[in-house]
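Enquirer: When we follow this note's numbering, the leftmost residue of the sequence shown carries the number 4, and every step to the right adds one.
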Amino acid sequence: MEYTSLDSYQHYSECAELVEGLGYYLVELKISPQRGVTQVQSVVASKDSGENISVNDCAKVHRALLARLEEILGTDNIAMELSSPGMERNIKNAAEFRFFVGRKIRVFSKSVSDWIGGELVSSDDKSVSLKVESENPEVDGTVRTVEYQDIAKAKFIHI
Numbered sequence: 004m005e006y007t008s009l010d011s012y013q014h015y016s017e018c019a020e021l022v023e024g025l026g027y028y029l030v031e032l033k034i035s036p037q038r039g040v041t042q043v044q045s046v047v048a049s050k051d052s053g054e055n056i057s058v059n060d061c062a063k064v065h066r067a068l069l070a071r072l073e074e075i076l077g078t079d080n081i082a083m084e085l086s087s088p089g090m091e092r093n094i095k096n097a098a099e100f101r102f103f104v105g106r107k108i109r110v111f112s113k114s115v116s117d118w119i120g121g122e123l124v125s126s127d128d129k130s131v132s133l134k135v136e137s138e139n140p141e142v143d144g145t146v147r148t149v150e151y152q153d154i155a156k157a158k159f160i161h162i
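(1) Curious, which full-length beta strand (DSSP E) runs of at least 3 residues does the segment 6-79 contain?
(2) From residue 238 to residue 141, what distance separates their C-alpha atoms?
(3) So, is residue 31 buried or exposed, given that buried needs 16 or more other C-beta atoms within 10 angstroms?
(4) What runs of the alpha helix (DSSP H), each 4 residues or longer, lie entirely inside the segment 100-158?
(5) Quick check on this structure: which residue in 145, 134 and 117 has the alpha carbon closest to the alpha carbon of residue 155?
(6) What does the Cβ neighbour count give for residue 121, buried or exposed, with the cut at 16 atoms within 10 Å?
(7) With a cut-off of 8 Å, do at least 3 Cβ pairs link the segment 59-76 to the segment 40-48?
(8) Between residue 159 and residue 101, how many whole angstroms is the CB-CB distance? I'm expecting something under 8 Å.
(9) What are the boundary residues of the beta strand (DSSP E) that residue 86 is part of?
(10) Report all residues from its chain with a CB closer than 8 Å to the CB of residue 124; omit the five preceding and five following residues, and keep chain order.
(11) Between residue 1 and residue 114, which are expected to be in contact by the criterion C-beta below 8 Å, what is the C-beta distance as a whole number of angstroms?
(12) In angstroms with no decimal places, state the Cα-to-Cα distance between residue 22 and residue 59.
(13) Tell me which residues share the same chain as residue 148 and place their Cβ nearer than 6 Å to its Cβ, disregarding the 5 neighbours each side in the sequence.
(14) What does a CB cutoff of less than 7 Å around residue 8 pick up in its chain, not counting 5 residues either side in sequence?
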């Protein structure tokens with residue numbers, strides 16, 4: 004799995020600042036012009052790992068973010084889709100892990116050819132640390148660090 008700084012995405016920094024001011028994280032922002040219309044896809048998450056995003060939360064962020072993007076891009080010809088991460092999100096970029104500390108996730112480790120699951124304890128630009136949940140009492144509750152280069156896939160654990 005690759006780590007690509009979210010700030011390297013077009014207009015991410017300006018938009019993330021606005022979204023965080025509203026009490027959420029901007030997890031994903033894709034801006035692409037298509038046939039005269041600017042398509043925007045974005046994903047927002049709650050700052051509290053125990054809270055889910057409601058339709059009202061999405062609407063609040065959508066209104067504010069759309070206005071900011073119209074100002075930044077200099078057009079009101081924008082089609083924007085905004086959503087929550089969902090219950091079974093596949094984590095696409097290792098930089099996303101920082102938004103989900105406290106959530107239960109699983110990563111497929113290439114070195115052990117198996118899933119490692121547990122609560123996300125921390126992440127940085129090289130690795131992620133999980134408090135492992137296992138039926139094996141010797142492993143359950145231990146903290147395991149997995150480097151991004153060893154991760155083939157990562158997703159939320161749906162409970």
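Cβ coordinates follow ideal geometry from the N, Cα and C atoms, glycine included.
Remember, it's a predicted structure, so these values are computed and weren't measured experimentally.
Expert: In short, the structure shows the following:
(1) 27-37 and 40-49
(2) Outside the shown range of the chain (4 to 162) lies residue 238, about which nothing can therefore be said.
(3) Here the question's residue 31 lines up with position 28 in the sequence shown. Classification of residue 31: buried, given that the 10 Å Cβ count is 16 or more.
(4) Listed in chain order, nothing qualifies, since the segment 100-158 has no complete alpha helix (DSSP H) run of 4 or more residues.
(5) Counting from one through the sequence shown, the residue named residue 155 turns up at place 152. Measuring from the Cα of residue 155, the nearest candidate turns out to be 117.
(6) Against the sequence shown, residue 121 aligns to sequence position 118. By the 10 Å Cβ count, residue 121 comes out buried.
(7) yes
(8) What you label residue 159 is simply residue 156 of the sequence shown in a count that begins at 1. What you label residue 101 is simply residue 98 of the sequence shown in a count that begins at 1. Not really, about 15 Å apart at Cβ, beyond 8 Å.
(9) As a working note, residue 86 is residue 83 in the sequence shown. Run containing residue 86: 81-86, per the beta strand (DSSP E) assignment.
(10) Walking along the sequence shown from the start, residue 124 turns up at place 121. 104, 132, 133, 134 and 146.
(11) Any property of residue 1 remains undetermined from this structure, which presents the chain solely from 4 to 162.
(12) Here residue 22 refers to the residue found at position 19 of the sequence shown. Here residue 59 refers to the residue found at position 56 of the sequence shown. When rounded, the distance between both Cα atoms is 14 Å.
(13) Against the sequence shown, residue 148 aligns to sequence position 145. Excluding positions up to five away in sequence, the list reads 130 and 132.
(14) Stepping through the sequence shown from its first residue, residue 8 is reached at position 5. Within the same chain, residue 8 has close Cβ partners 98.
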